[in-house]
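Asks:
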Amino acid sequence: MILIDREKLDQIMTPERAVQAVKEAFLLYSSGKITQPLRQTMTVKGNWWGVMPSLSDNAFVVKVVNVIEANRERGLPPVQAGVLVFSPDTGEPLAYVDGTALTAVRTAAASVLSTELCYGRKVGTLGIIGAGLEAEYHAKIALGYLSVSRLLITARKRHFELAKRVGGEAVELERLLKESDVVFSLTSSKTPVVIGKLLKEDFHVSSIGAYTPDARELDDDVIRRVRTYVVDSLEAVSKESGDFIQPKERGLLEGKRVVEIGRLLAEGGRVERPSLFKTVGIAAQDNVTAYYAYKYYL
Numbered sequence: 531m532i533l534i535d536r537e538k539l540d541q542i543m544t545p546e547r548a549v550q551a552v553k554e555a556f557l558l559y560s561s562g563k564i565t566q567p568l569r570q571t572m573t574v575k576g577n578w579w580g581v582m583p584s585l586s587d588n589a590f591v592v593k594v595v596n597v598i599e600a601n602r603e604r605g606l607p608p609v610q611a612g613v614l615v616f617s618p619d620t621g622e623p624l625a626y627v628d629g630t631a632l633t634a635v636r637t638a639a640a641s642v643l644s645t646e647l648c649y650g651r652k653v654g655t656l657g658i659i660g661a662g663l664e665a666e667y668h669a670k671i672a673l674g675y676l677s678v679s680r681l682l683i684t685a686r687k688r689h690f691e692l693a694k695r696v697g698g699e700a701v702e703l704e705r706l707l708k709e710s711d712v713v714f715s716l717t718s719s720k721t722p723v724v725i726g727k728l729l730k731e732d733f734h735v736s737s738i739g740a741y742t743p744d745a746r747e748l749d750d751d752v753i754r755r756v757r758t759y760v761v762d763s764l765e766a767v768s769k770e771s772g773d774f775i776q777p778k779e780r781g782l783l784e785g786k787r788v789v790e791i792g793r794l795l796a797e798g799g800r801v802e803r804p805s806l807f808k809t810v811g812i813a814a815q816d817n818v819t820a821y822y823a824y825k826y827y828l
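Residue 531 is where the sequence shown starts when you use my numbering, and the numbers rise one by one after that.
1. Quick check on F807: does DSSP put it in helix, strand or coil?
2. Return the bridge partner residues of G612 from the DSSP annotation.
3. What whole-angstrom Cβ distance do A551 and R636 have, given they're in contact under 8 Å?
4. Using a Cβ cut-off of 8 Å (strictly closer), state whether M582 contacts chain B.
5. Between E599, S805, K825, which lies nearest to S737 when the distance is taken from Cα to Cα?
6. Going by beta carbon distance, what residues of the same chain come within less than 6 Å of Q566, once the five residues before and after it are set aside?
7. Taking just the CA atoms, how far does K652 sit from L549?
8. Using 10 angstroms around the beta-carbon of P722, count the other beta-carbons present and answer buried if the total reaches 16, otherwise exposed.
9. Would you call the CB atoms of G792 and S561 closer than 8 Å?
10. Is the number of C-beta pairs between the segment 670-684 and the segment 615-623 that are closer than 8 Å three or more?
11. Can you check whether the CB of T655 is closer than 8 Å to the CB of D711?
12. List in chain order: all unbroken beta strand (DSSP E) runs of 3+ residues lying wholly within the segment 706-788.
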């Protein structure tokens, strides 16, 4: 069994490979060619933990992931995870992958893929809300895959440091929302940080936070304005995300195109904007991305 740590994963999973991996994962998921039960969740010492198994033709993968907000004060990423890759044929463990880095890679690649599908690969101004590990990987993969003219970053703290490191500009939230063509919202906030009335007339938003029914990253005005609401999994967001559950209960999704990204990939065609991609993360992404890491390691 091989060990793939963050340093090795960064070498293996180039932006092109990362986006290709999640593209394959979403296609497999929406076509029913990957098996993934809904994640099992537990509360451990007040923190959210999840167990995510999945099976493809190439790999049986299990990820254990948690979100521990107190880690921010410890100087650690709030999301911690480990991923085991097994052969579905022999049952042998093939690899252990740093799941914290893998989660950041596959989540960032999904946001970038949604941007390519809904907006295109040429972006004027990209705004990132957040300054943690996810923000770092979103900046890295976006700048490596898309053509971005300007990068704006905002957060409660540490965005000046991240902006300097990745070549962006640290700004206040209101300015980011007003000036960005594409927004990546990467927060742990339970109340909206993306305010619809502040966004441009034409926009694309990728939101990875609000992964519980009571949490929101997007206000109702964002939902009202979007024409195409793209999700990673209808089943998952219908059970887990307040940004989907609450607007649906209020009738705000009526008349909009709501579509899984895998279905969008399979069908092709033009996406009407403004657009939104809501992702809570699915095991298929971990499965294919971890297998790519194993395959390209050899």
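Glycine included, each C-beta is placed from N, C-alpha and C at the ideal position.
Replies: Let's see:
1. Look at F807 here: in three-state DSSP terms it is strand.
2. V594, D628.
3. Confirmed, about 7 Å.
4. Absence of chain B from the displayed structure is noted, only one protein chain being present.
5. Of the residues E599, S805, K825, the one whose Cα lies closest to the Cα of S737 is S805.
6. Contacts found: S584, A813, A814.
7. Looking at the sequence provided, one finds Val at residue 549 rather than Leu. Rounded to the nearest angstrom, the two C-alpha atoms are 16 Å apart.
8. Counting Cβ neighbours within 10 Å, P722 comes out buried, since at least 16 surround it.
9. With a cutoff of 8 Å on beta-carbon distance, G792 and S561 are scored as near each other.
10. Contact fails between the segment 670-684 and the segment 615-623, because fewer than three Cβ pairs, one in each stretch, are under 8 Å apart.
11. Yes, the pair counts as a contact, with Cβ atoms nearer than the cut-off.
12. Qualifying beta strand (DSSP E) stretches, in chain order: 712-715, 734-737, 758-761.
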